[in-house]
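Chains as they are written, first to last, in this note's numbering: chain A, 1 to 491; chain B, 1 to 491.
Protein chains: 2
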Amino acid sequence: MAKGIISRDEDYSQWYNDIVVRAGLADHSAVRGCMVIKPYGYAIWEKIQRQLDDMFKATGHQNAYFPLFIPKSFFSKEAAHVEGFAKECAIVTHYRLKNDPNGKGVVVDEDAKLEEELIVRPTSETIIWNTYKGWIQSYRDLPLLINQWANVVRWEMRTRLFLRTTEFLWQEGHTAHATREEAIEETIKMVNVYAEFVQNWMGVPVIIGTKSEGERFAGAVETYCIEALMQDGKALQAGTSHFLGQNFAKAFDVKFQSKEGTLEYVWATSWGVSTRLMGALVMAHSDDNGLVLPPKLAPTQVVFIPIYKTKEELEQITKKVNEIKTQLEKRGVSTQYDDRDTFKPGFKFAEYELKGYPIRVALGPKDLEKGTVEVARRDTLTKEFVQQEGVVDYIVNLLDTIQESIFRKAFDFRAEKTTKADTFDEFKRILDEKGGFVSAHWDGTRETEDRIKEETKATIRCIPIDNTAEEGVCILSGKPSKQRVLFARAY
Amino acid sequence: MAKGIISRDEDYSQWYNDIVVRAGLADHSAVRGCMVIKPYGYAIWEKIQRQLDDMFKATGHQNAYFPLFIPKSFFSKEAAHVEGFAKECAIVTHYRLKNDPNGKGVVVDEDAKLEEELIVRPTSETIIWNTYKGWIQSYRDLPLLINQWANVVRWEMRTRLFLRTTEFLWQEGHTAHATREEAIEETIKMVNVYAEFVQNWMGVPVIIGTKSEGERFAGAVETYCIEALMQDGKALQAGTSHFLGQNFAKAFDVKFQSKEGTLEYVWATSWGVSTRLMGALVMAHSDDNGLVLPPKLAPTQVVFIPIYKTKEELEQITKKVNEIKTQLEKRGVSTQYDDRDTFKPGFKFAEYELKGYPIRVALGPKDLEKGTVEVARRDTLTKEFVQQEGVVDYIVNLLDTIQESIFRKAFDFRAEKTTKADTFDEFKRILDEKGGFVSAHWDGTRETEDRIKEETKATIRCIPIDNTAEEGVCILSGKPSKQRVLFARAY
């Protein structure tokens with residue numbers, strides 16, 4: 001176990017916090033509920049951003065930027081949206097400070113009160129659809145496929161680094177379409193983009209599904225989501241894609257002239273993922289030694305550490321390391337050489353384990369003699385001696401192997417932690433004793449959904465899109481049901 | 001002159017606004033003083049960001065992210081900073097809305113009043129130095145070289161798209177050093193990075209210099225800046241780099257143990273450029289037909305337009321265009337083929353002129369016969385017939401030529417608009433009749449600086465770093481002076 005990290009078994013929640021802080025990903029700030037994303041954490045976020053951004057552009061989207069502030073009255077325009085959303089948020093009421101007449105710093109200037117308060121965006125549907133009104137007149141202006149990278153604020157009472165913070169970073173796609181079908185197609189396309197990213201890049205398997213009424217986005221007709229399972233058996237919603245129907249178009253009066261010359265309301269989608277993904281990444285793979293990163297998102301994939309006594313040895317090792325390093329960089333592998341003489345190899349080993357570098361290569365005088373290097377895998381904590389000749393190919397392949405292996409491990413874990421329940425007693429017992437996803441029949445009503453949540457703290461995570469029809473009876477009400485849905489306790 | 005754009009001569013300020021709006025760069029929003037950055041404008045900003053970010057990383061900096069909100073009391077900690085800065089800003093006082101008891105939307109919940117108000121960051125020195133206190137203990141933690149890409153808010157009374165908006169996007173570097181010398185070196189290094197970027201990428205020549213006391217950043221010991229000249233003869237500050245001494249370290253009590261074992265205050269710098277650069281880019285190069293973009297920052301460098309009557313002609317043209325296009329893309333040139341049949345070529349020509357695409361290539365049946373294409377330069381509005389064979393090399397070279405030519409034109413303009421003045425009358429006459437930079441002797445006092453500003457609206461833009469010593473007398477006070485400084489009316 002690494003210094004300063006409690007074990008998962010002892011306290012999972014504290015373990016998570018220890019990893020995030022000790023590996024240098026993020027830290028609490030002086031502002032309640034807001035985090036500081038530290039350089040190493042931000043470097044991972046940049047890799048996430050870059051890849052997602054490429055995928056958004058490859059699917060025809062463009063980036064734009066909309067105001068941080070939203071006039072208060074905008075929130076009242078879409079009835080369901082205001083009910084579900086806009087209550088816990090940061091409100092700007094004044095625009096000037098002045099010197100405290102008592103000489104104690106600065107105070108709010110009461111003469112500088114805004115006529116209408118501004119809300120720091122918790123999500124941007126309202127300001128964006130108010131803008132789209134000016135951009136969309138004709139079917140020729142559609143589809144409008146826009147994404148925004150931004151910070152948003154939701155006044156959370158209980159916060160946790162990355163998972164739930166008052167301010168967080170995210171992207172929000174907001175698209176406008178001429179037809180219902182095209183908007184639904186876009187909604188599904190984007191939830192699939194998210195699934196591809198989270199599975200192939202983050203190495204986290206997800207279930208794609210739709211939300212039940214109780215879990216749907218405020219203002220959406222249908223919410224698609226990807227749900228992942230963490231090592232403590234709790235689910236985590238990793239991304240959502242909403243089909244908004246014509247709700248926002250009606251609220252902001254956005255109509256277009258169709259090819260046929262009629263005036264129609266525009267169809268909308270919105271979709272987003274956030275720095276919450278960083279939390280999922282940490283919780284899905286890491287162990288008691290620290291972070292475990294999938295190679296595709298590791299800021300540095302391979303670290304080299306010299307083991308030496310004399311200056312001559314170091315020189316020879318350095319020469320060999322630089323040879324291998326250069327070849328790896330040419331193959332697109334990111335590398336680092338830690339030849340600091342102020343720290344011992346053992347200290348360095350622990351540090352890179354803590355930070356989740358996928359591969360560590362050590363080179364000592366014996367290796368020079370034998371023409372070998374020692375290659376250590378972070379995910380399995382296994383070591384192997386590898387011939388220097390061919391080590392570049394070996395490492396390039398090993399990175400792929402690690403990426404797959406991390407995913408496979410999480411996939412098997414989820415399979416093991418997905419259980420069918422046919423009675424409510426069984427359902428509760430599984431939740432308490434085993435955790436994970438519970439697949440069970442539900443009668444489809446909001447009432448039952450709410451009662452199950454109240455009694456067990458488990459929610460319907462999703463109705464999987466590839467669900468098979470199966471006749472059954474609801475675990476709570478005993479009423480007939482046509483399919484199982486996935487329940488879990490969740491973050 | 002393009003439709004919807006007034007000429008520069010008629011109304012420079014309106015011309016600027018027309019270009020920004022009509023070329024699709026940005027637009028006013030429903031929120032006072034805040035802009036919407038539209039997809040085409042944001043694509044240019046992304047190119048600016050990417051290049052600057054690469055340059056920051058190449059000089060050893062890492063990105064991180066700090067909170068949007070700053071506790072009010074933080075601003076009072078550095079005396080000069082609060083005086084110069086924190087007054088006009090957005091203040092968050094509440095954290096919850098509730099349903100209006102009268103049924104009219106939502107109102108602020110007075111029960112959810114913050115104990116201490118939060119300021120939306122106008123700049124982040126205070127929150128960052130409060131954080132650095134926890135990160136810096138020893139000389140081994142230094143230097144700390146961190147940059148942040150973020151949005152900031154300054155409550156401006158008179159706003160202008162990109163040039164002065166209430167919310168804007170920027171980057172702010174905040175570094176910590178063990179010695180005064182190292183911090184000064186960093187300050188100068190970064191103003192040089194800015195100068196390199198603005199000159200070589202934006203094609204805008206700049207003067208590097210230091211600010212006089214009256215123009216210095218609030219809390220800085222010395223402010224370095226780059227100053228550019230716009231086509232209307234007004235100067236624009238394009239970036240600043242501040243040596244902050246130990247001011248913020250003292251305000252936030254950030255000390256480190258030196259190699260010698262003593263406890264010392266840390267030395268600081270900060271430096272930033274913003275979406276204001278977009279304004280400089282537009283104003284420096286554009287003409288009455290629209291935007292003129294330097295090839296290095298153009299989202300698309302070459303657009304192809306087919307001229308045809310029959311379907312067969314279009315097919316043949318498309319085949320040829322795709323050939324050339326593919327080869328250009330391989331050479332790293334970004335291209336676009338506009339074969340929309342809903343618009344005539346003349347309409348397309350005007351559109352790409354408006355949007356500043358550096359090169360337009362037209363291909364008609366005659367060109368197919370003769371083996372030529374028509375290549376049009378946006379910057380000079382000249383056209384040439386070029387043999388298809390060799391056109392790829394021609395275009396690759398032409399992009400370099402345009403990049404240089406745009407810079408050269410702006411450089412010559414500035415040279416022509418930089419004038420020496422030896423009396424106050426001459427000084428005022430140049431400002432009124434010719435504009436541009438005026439190089440004049442100044443006695444070095446704040447009092448004279450303020451009086452000149454009051455009487456002429458001209459400010460000291462900078463004291464150029466490569467200034468030559470020259471004995472003279474101050475144009476206003478007649479007192480002795482050792483060097484000329486640069487004055488101008490400015491944005």
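Idealized CB from N, CA, C, for every residue including glycine.
Can you have a look at residue i and say buried or exposed, based on whether 16 or more other CB atoms are within 10 angstroms of its CB?
i: residue 304 of chain B; result: buried
i: residue 400 of chain A; result: exposed
i: residue 369 of chain A; result: exposed
i: residue 175 of chain B; result: buried
i: residue 269 of chain B; result: buried
i: residue 240 of chain B; result: buried
i: residue 408 of chain B; result: exposed
i: residue 14 of chain B; result: exposed
i: residue 157 of chain B; result: exposed
i: residue 355 of chain B; result: buried
i: residue 23 of chain A; result: buried
i: residue 310 of chain B; result: exposed
i: residue 326 of chain B; result: exposed
i: residue 87 of chain B; result: buried
i: residue 312 of chain B; result: exposed
i: residue 101 of chain A; result: exposed
Less than 7 angstroms between the beta carbons of residue i and residue j, yes or no?
i: residue 70 of chain B; j: residue 119 of chain B; result: yes
i: residue 147 of chain B; j: residue 56 of chain B; result: yes
i: residue 446 of chain B; j: residue 213 of chain B; result: yes
i: residue 45 of chain A; j: residue 180 of chain A; result: no
i: residue 361 of chain A; j: residue 375 of chain A; result: yes
i: residue 396 of chain B; j: residue 359 of chain B; result: no
i: residue 464 of chain B; j: residue 188 of chain B; result: no
i: residue 68 of chain B; j: residue 167 of chain A; result: yes
i: residue 77 of chain B; j: residue 220 of chain B; result: no
i: residue 139 of chain B; j: residue 256 of chain B; result: yes
i: residue 217 of chain A; j: residue 223 of chain A; result: yes
i: residue 117 of chain A; j: residue 136 of chain A; result: no
i: residue 65 of chain A; j: residue 254 of chain A; result: no
i: residue 295 of chain A; j: residue 403 of chain A; result: yes
i: residue 161 of chain B; j: residue 20 of chain B; result: yes
i: residue 183 of chain B; j: residue 243 of chain B; result: yes
If you run the structure through DSSP and keep just helix, strand and coil, what is residue i?
i: residue 295 of chain B; result: helix
i: residue 122 of chain A; result: coil
i: residue 270 of chain B; result: strand
i: residue 84 of chain B; result: helix
i: residue 168 of chain B; result: strand
i: residue 369 of chain B; result: helix
i: residue 230 of chain A; result: coil
i: residue 306 of chain B; result: strand
i: residue 385 of chain B; result: strand
i: residue 264 of chain B; result: strand
i: residue 53 of chain B; result: helix
i: residue 242 of chain A; result: strand
i: residue 45 of chain B; result: helix
i: residue 358 of chain A; result: coil
Going by the C-beta, is residue i closer than 6 angstroms to any heavy atom of the ligand PLP?
i: residue 410 of chain A; result: Here there are no bound small molecules, and the ligand PLP is not part of this structure.
Return the Cβ separation of residue i and residue j in integer angstroms, given the expectation that the two are a contact with Cβ distance under 8 angstroms.
i: residue 18 of chain A; j: residue 33 of chain A; result: Rounded, the Cβ-Cβ distance is 19 angstroms, inconsistent with contact.
i: residue 89 of chain B; j: residue 155 of chain B; result: 6 angstroms
Using a Cβ cut-off of 9 angstroms, which residues of the segment 90-107 of chain A contact any Cβ in chain B, in chain order? Within the segment 90-107 of chain A, the qualifying residues are 90, 91, 92, 93, 94, 95, 96, 97, 98, 99, 100, 104, 105, 106 and 107.
Give me the subset of the segment 136-160 of chain A whose CB atoms are less than 8 angstroms from a CB atom of chain B, sorted by chain position. 140, 146, 150, 151, 153 and 155
Of the residues that make up the segment 181-193 of chain B, which ones have a beta carbon closer than 7 angstroms to any beta carbon in chain A? Of all residues in the segment 181-193 of chain B, none has a C-beta nearer than 7 angstroms to a C-beta of chain A.
Beta carbons nearer than 8 angstroms to chain A: which residues of the segment 48-70 of chain B have them? 62, 63, 64, 65, 66, 67, 68, 69 and 70
Using a Cβ cut-off of 9 angstroms, which residues of the segment 338-366 of chain A contact any Cβ in chain B, in chain order? Here the close residues are 342.
Residues of the segment 270-298 of chain A in Cβ contact with chain B at a cutoff of 8 angstroms, in chain order, please. none
Of all the residues that make up the segment 246-261 of chain B, which are near chain A by a beta-carbon distance shorter than 8 angstroms? none
Which residues, taken in chain order from the segment 13-42 of chain B, show a beta carbon closer than 7 angstroms to some beta carbon of chain A? 29, 30, 31, 34, 36, 37, 38, 39 and 42
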